[in-house]
Amino acid sequence: MIKAAVLGYGTVGSGVVEVIEGNNAQISKKAGDELHVKYILDLRDFPGDPYEDRVIHEFDTILNDPEISVVCEVMGGVGAAYQFTKQCLEAGKSVCTSNKELVARHGAELLETARSNRCNYMFEASVGGGIPLIRPINSALTAEKILEVKGIVNGTTNYILTKMEKEGADYNEVLKKAQELGYAERNPEADVEGHDACRKIAILASLVTGKNVDSEKVFAEGITEISNDDFAFANEAGMTIKLLAICRLMEDDSVLAMVAPFMVPMDNPLATVNDVFNGVLITGNMLGDALFYGRGAGKLPTASAVVADVIDCARHQGKTVICMWEKEEARLADAAEIQRGFFVRAREAAKGDVEAAFPGGRLLDVPGHSGEFGYFTPVMREKDFLKKYQELGDKVLGKIRLL
Ligand code: HSE
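Adding 1289 to a residue's 1-based position in the sequence shown gives its number in this note's numbering.
Below, the structure is given as structure tokens:
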């Protein structure tokens, strides 16, 4: 029998137990042995819960129990979660997690600890919720040089943007609903300011390059400046607005890693990724594009990915599955040097100034928006665009990068 412990009995933790119990027969078959959750660690008690008898409060009970071979760390944070993960790996117990903050910050080190102790640190659920992304990069796509990973990796912001676009919904009300549905981070600032997506793209970029991409150095811009007016202009131009996370290998072997809202043409597959769904395009030099799509947040989809990792750990007991992510820092490209087009929304009276600042662009008017106009700049370096945009001061009302 494979005996597991779950650290944290919150949304994902209770989902992990539910998945293991609900699909136990087939999970056990795939794992090669019966899988059983022996302990659930939490500070709280859960009277009336069907698994209340497994709830414990002392981590050492798990650490010192030789029967426990795999631990699901779904408590979140980088304090106790880091300590517990490290100690489990040092004791040769594999750890599976959805904790992207911890993976982004200490992934390289924890993978090394797992290697040294012939066990595994697995984190499929840390990016894209229930969508397989980590395992494809680590196994199915190993023949590829991955040139770019680009997509929607935050369900909360995608849910908010979709509701704003389709229903004209108020930003704060939709955010509250996303929190009620269990999509949002404990501090939703991490979602709306792009930090959660930054951690996820840093994890993917680290796996793609094999070097460590520091999430705190990833360029991040969130969705707080996006308005319903921006959607009116985007839709008029046959586009939508998505918070994209991008990792691209540059010609000089540096890596561009960034998160920002982009205007995306409606015929791009990412434009049709709506609500809490995530969608990620991986471009390989031989394969071309592969699209990964599914539920990027939520209890059971995330738990399903954690449990898939548990099964993988059970299949590889005493052996570490290869995962290329070393401690050496990757060289990051400067996002300000990238060339692209930009959308600018401005006051009607500033038409001449905007055209003069970005000559050769294209004007866009939207019926019903008589006080404002939109403008698509020619392709230009981000740094040059920002300088001119800032010089326009309060004549301009917003800007969005073009994909
Ligand atoms: N807050 C995250 C999101 C949860 O909305 O995508 C899943 O990582």
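Backbone N, C-alpha and C fix where the C-beta goes; we use that ideal spot for every residue, glycine too.
- In this structure, the straight-line span from the alpha carbon of Ser-1303 to that of Glu-1661 is close to 49 Å.
- Counting only runs that start and end inside the segment 1548 to 1577, the beta strand (DSSP E) elements of at least 3 residues fall at 1566 to 1573.
- For Met-1453, the uninterrupted alpha helix (DSSP H) segment begins and ends at 1444 to 1456.
- According to the DSSP secondary-structure assignment, Ala-1635 is paired through a beta bridge with Phe-1662, Val-1685.
- Asn-1443 has its CB nearer than 7 Å to a heavy atom of ligand 1.
- For the pair Thr-1498 and Val-1301, the Cα-to-Cα distance works out to about 29 Å.
- Inclusion of Leu-1400 and Cys-1602 in the CB contact set at 8 Å is not warranted, their separation being larger than that value.
- Bridge pairing for His-1325: Lys-1292 [DSSP].
- With 16 or more other Cβ atoms inside 10 Å of its own Cβ, His-1484 counts as buried.
- Runs of the alpha helix (DSSP H) spanning 4 or more residues and lying entirely within the segment 1450 to 1514 occur at 1460 to 1469, 1478 to 1481, 1484 to 1498, in chain order.
- Under the DSSP assignment, Arg-1604 falls outside any beta strand (DSSP E), being part of the alpha helix (DSSP H) whose first and last residues are 1588 to 1604.
- At least one heavy atom of ligand 1 falls within 7 Å of the beta-carbon of Lys-1389.
- Leu-1580 is classed as exposed because its beta carbon has fewer than 16 other beta carbons within 10 Å across all chains shown.
- Of Ala-1293, Tyr-1328, Lys-1465, the smallest CA-CA separation from Ser-1317 is found for Ala-1293.
- Your pair Ala-1594 and Gly-1440 does not check out as a contact, with CB atoms roughly 16 Å apart and the cut at 8 Å.
- Contact holds between the segment 1405 to 1413 and the segment 1374 to 1384, because three or more Cβ pairs, one in each stretch, are under 8 Å apart.
- Beta-bridge annotation (DSSP): Leu-1691 is paired with Met-1552.
- Ligand 1 never approaches Gly-1527 closely enough for any of its heavy atoms to be under 7 Å from the residue's Cβ.
- For Ile-1316, the uninterrupted alpha helix (DSSP H) run begins and ends at 1313 to 1320, by DSSP.
- With distances taken between CA atoms, Ala-1622 lies nearest to Val-1502 out of Val-1308, Asp-1334, Val-1502, Ile-1357.
- Annotated as proximal: Leu-1686 and Arg-1634, with beta-carbon spacing under 8 Å.
- One thing to note: Val-1599 has its Cβ no nearer than 8 Å to the Cβ of Cys-1377.
- Here the C-alpha atom of Asp-1578 lies approximately 11 Å from the C-alpha atom of Leu-1430.
- Per DSSP, the beta-bridge partners of Ser-1383 are Val-1359.
- Residue pairing of Cys-1612 in beta bridges, as defined by DSSP: absent, with no partner found.
- Counting other Cβ atoms within 10 Å of its Cβ, Asn-1353 stays below 16 and is therefore classed as exposed.
- Here the C-alpha atom of Lys-1327 lies approximately 16 Å from the C-alpha atom of Gly-1311.
- Comparing alpha-carbon positions, the option among Asn-1517, Cys-1536, Ala-1494, Ala-1491 lying closest to Asn-1461 turns out to be Asn-1517.
- Exposed is the label assigned to Thr-1561, since fewer than 16 other Cβ atoms lie within 10 Å of its Cβ.
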